[in-house]
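Notes follow once the structure below has been shown.
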Amino acid sequence: MIQSSPKSQTTYDAIIVGSGAGGGMAAYQLAVNGLKVLLLEAGRSYDPVRETPMFKLPREAPLRGAGSREKPFGFYDATVDGGWEVPGEPYTNAPGTDFRWWRARMLGGRTNHWGRISLRMGEYDFKPKTRDGLGADWPLAYQDLAPYYDRTEMLIGVYGGDDDLENTPRSSPGVLQPPPAPRAVELLTRKHAAPMGIPVIPAHLAIMTQRQDANRLPKLLHPGNPLAQRVLRDSMLQRQACFYATPCGNGCSIKANFQSTTVLLPPALATGNVDLVPDAMVREVTIGRDGKATGVHYIDKRTRTDRHVSARIVVLAASAAETARILLNSKSARFPNGVSNSSGLVGKYLMDTVGAGIGGQIPALEGLPPYNNDGASGMHMYVPWWLYKEQLAGKLGFARGYHIEFGGGRGQPGNGSFNFLEGVTEGAYGKAYKEAARRYYGSYVWFDGRGEMIPNEDSFCEIDPEVVDQWGIPVLRFTWKWSDHELKQAVHMQQTFAQIIEAMGGKVQGTVQTDGNKAIAKGGQIIHEVGTCRMGDDPRTSVLNPYCQSWDVKNLFVTDGAPFVSNADKNPTLSILALAWRTTDYILDQLSKREIG
Amino acid sequence: MAHDELPRREALKTLAAAASLPILGALPAEADAQQAPAGAAPRPAAAQPAQAPAVRTGPRGDAWDPDLINPKKDWPRKLTAAEMATLAALADMIIPADEKSPSASAVGAHHYINEHVSAPGASYERDLHRVRGGVSWLNLESQKRFQRSFVRLTSEQRTAICDDICYPPKAKPEFQAGARFFSLVRNLVGTGFYTTDAGMRDIGYVGNKPSLTWDLPPLEVRRKLGLE
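Chains as they are written, first to last, in this note's numbering: chain V, 1 to 597; chain B, 598 to 825.
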């Protein structure tokens, strides 16, 4: 299915730039509906079946799996050729900014490394300005996306509970797979958090606890489409349920979790309608005399040559910042500020997620008999935001919420896992050190807040006027600023986690900050950047219409995180997938009505 | 364990079966026609590029894109045999053998230290100097106090030195450099020991085993945590 250069004489129906969540979903949906698709990926091809180091232990890796500049999340992390740095592909920061831009230069993009946390945005999340006067509203409501959430969850396989809490929607009956039983730390946390009014409920993760129903789901998801039903059925039959071992971050060769490379691309390619070209770094969208997109220019990284390919429609899904970069670099006499930028808003309202955390040592967890704590790699339980009413009443001093990700207990020993012993024992060595390791191993917990950032005028990306990457493409320059809402939220996170740890009878590790700047992660570090091409009802204040179609160029669409109007505390991947599916339905509708292409 | 364990052999069989499936992204263009599913539109031969350069489908094998299945771990080791002997002795002061598990050097923790300090990169080079300088300091201190190198000291003599350098916040000013060295070695030895089978067995890490089901923690654990 893969080829190194597109067919020279063929015009495609659609060019899709990027093979991650948004690009993978677009490629799948358009291909199963008969469109001829050219899928361009800036990174190398990647085969999770052959390349995933399942069961490998730290001792088998160089330096016992230590994280490094080249592999920030450890040697076995599935992200190859990527990270906060990519050789030869720099980005810059405006003075005073220290933004970190994560990129995954590989087939499947960031879906090969992510937490699999799949939380739906709720009713409030689509209309934040209506609710508290800040930021901007989405041009669609929860009800518009809810059916696509259902379908996406059935397509990719998501476990979760059926709790129905404020702004924390539940899926339709039968959509989710059962959540795995809680771990010891999760049960203990629930026991102590519940009396504080903090709900601990089953998390929603894109990991299968049972095999998908390959006979029922394809018919349900693609009624009347035999090609789609066939390729999806075949794909579902190749996926196994989670066997509760090995970290998701290494990738999953049994295809139990969601990666574009294991879930979306195989059925897309099986249609025979997709040509996939890796090592293809798109630099520009080209525009014809009629003002419509004609195709894209890309650099073939292997030959270092520039190529042009044509299609009836162009779909950008290169990641929020990279998509903005392509649009801003697509300058012409007609579009001197870049394509689809008549509003001047491409690159603006860049958001990430607020992150702050703290850990604790819990005496109750000391000296327990050995038990397997691995589970489904990610969380089995989490805490959704619970203070909506207090917040709306102005009691918290910051406008938006966060959810809590947490864990701990008897994890796999890795590089540095026992560095804590020096402090807790005040310098033990010898017999005392070994005894301390037995006593304290598994007695630590951690809590991480993941909160909503309100879009602001001071957080954006633009083209650096002076710097190009090794392919000659002008690079992005970031400007970043948290508002008081995010800084106060980060402080609230640490204070809350400290209270939970103390309620568990534990001792907080590290300092609970009262200065938000010291508590909060840097912009980009949570790797949830969205919002550079926001959608809206008004072409003067948005880049895309309510279907992620460019206001300026009718046959140009965006299906990654760039269209996001706000960045709720809900991790963005599930919403990117659902929104991409909705966009492809619109594309097919518009094509059938001959409105585009 | 409370839950049924899928034998590792079975899991490996599953993986082997999965690995024999058509490999995504690894097929040469010529294979397309054979791999295309029945019913897919046939691809005209003329549409194939005449001479497609090979697509890079696997790892480059460098630091940015290492082979994760068969990692290369080799770079020249920098520590001398004498330095290694001193480190082995110190490692065993930190993690001695006992009834439950062997000593750090018995599972090669000092070799991991050598791997670490010999690795390319500024932070590893910084640790190389700290370890080398620390080993020299340790032997000088041993000579000064007991007129022998560290490896030839008795356990009591070694303990006398280690007690002075085992915790930087409490070490006297003249032992600060030694204490920083000891801290680094303790952390490296901890990693070098507890990431091995013997180390994992010692602390009771029992994961990384495939299982068909996932159950609540064992009853005994729930009882001890008051979770019933």
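Think of the CB as a built atom: it goes at the ideal place given N, C-alpha and C, for glycine as much as any other residue.
Remember, it's a predicted structure, so these values are computed and weren't measured experimentally.
Proximity to residue 104/V across 461/V, 45/V, 60/V and 57/V peaks at 45/V, based on C-alpha coordinates. Around the beta-carbon of residue 56/V, 16 or more other beta-carbon atoms lie within 10 Å, marking it buried. CA-to-CA, the gap between residue 377/V and residue 788/B works out to about 21 Å. Under the three-state reduction of DSSP output, residue 223/V falls in the coil class, being neither helix nor strand. Around the beta carbon of residue 196/V, a 10 Å sphere encloses fewer than 16 other beta carbons of the protein chains shown; the residue is thus reported as exposed. Listed in chain order, the non-local C-beta contacts of residue 506/V below 6 Å within the same chain comprise 360, 361 and 362, local neighbours out to five positions each way being set aside. Collapsing the DSSP output to three states places residue 298/V in a strand.
Here residue 525/V carries a coil assignment [DSSP, helix/strand/coil]. Residue 416/V and residue 754/B have their C-alpha atoms spaced approximately 29 Å apart. The beta carbon of residue 410/V is closer than 6 Å to those of 373 and 442 in its chain, skipping five residues each way along the sequence.
Residue contact with chain V for residue 797/B: present (Cβ-Cβ distance below 8 Å to some residue of chain V). Around residue 783/B, the beta-carbon contacts reaching into chain V at under 8 Å are 421, 422, 429 and 433. Among the CB atoms of chain B, none fall inside 8 Å of the CB of residue 575/V. By the criterion of a C-beta distance shorter than 7 Å, residue 745/B is surrounded in its chain by 739, once the five residues flanking it on both sides are discounted. DSSP links residue 275/V through a beta bridge to 38/V. Looking at the DSSP output, residue 556/V sits in a beta bridge with 314/V. A direct Cα-to-Cα measurement between residue 291/V and residue 544/V gives close to 16 Å. For residue 257/V, no CB of chain B lies under 8 Å from its own CB, so it is not counted at the interface with that chain. Residue 461/V sits in a strand when the DSSP states are folded into three classes. The region 478-494 of chain V and the region 449-467 of chain V touch, with three or more beta-carbon pairs separated by less than 8 Å.
As DSSP reads the structure, residue 478/V sits in a beta bridge with 93/V and 461/V. Residue 673/B sits exposed, since fewer than 16 C-beta atoms from the chains shown fall within 10 Å of its C-beta. The three-state secondary structure of residue 659/B, taken from DSSP, is coil. Cβ proximity to chain V below 7 Å picks out nothing from the region 726-740 of chain B. By the rule that beta-carbons nearer than 8 Å mark a contact, residue 805/B touches chain V. If you draw a straight line from the Cα of residue 386/V to the Cα of residue 530/V, it comes to about 24 Å.
Judged by pairs of C-beta atoms under 8 Å, the region 260-274 of chain V does not touch the region 300-316 of chain V, as fewer than three such pairs exist. Contact between the region 549-565 of chain V and the region 312-321 of chain V is established, with three or more Cβ pairs separated by less than 8 Å.
Per DSSP, residue 743/B is one residue of the alpha helix (DSSP H) stretching across 719-743. Interface flag for residue 310/V against chain B is unset, since no Cβ pair is found closer than 8 Å. At a Cβ-Cβ threshold of 8 Å, residue 157/V and residue 243/V do not count as neighbours. Residue burial annotation: residue 397/V is exposed, with fewer than 16 other C-beta atoms found within 10 angstroms of its C-beta. Residue 794/B sits exposed, since fewer than 16 C-beta atoms from the chains shown fall within 10 Å of its C-beta.
The beta-bridge partner set that DSSP reports for residue 767/B is empty.
Rounded to whole angstroms, residue 218/V and residue 151/V show a C-alpha spacing of 10 Å. Around the C-beta of residue 432/V, fewer than 16 other C-beta atoms lie within 10 Å, and the residue is accordingly described as exposed.
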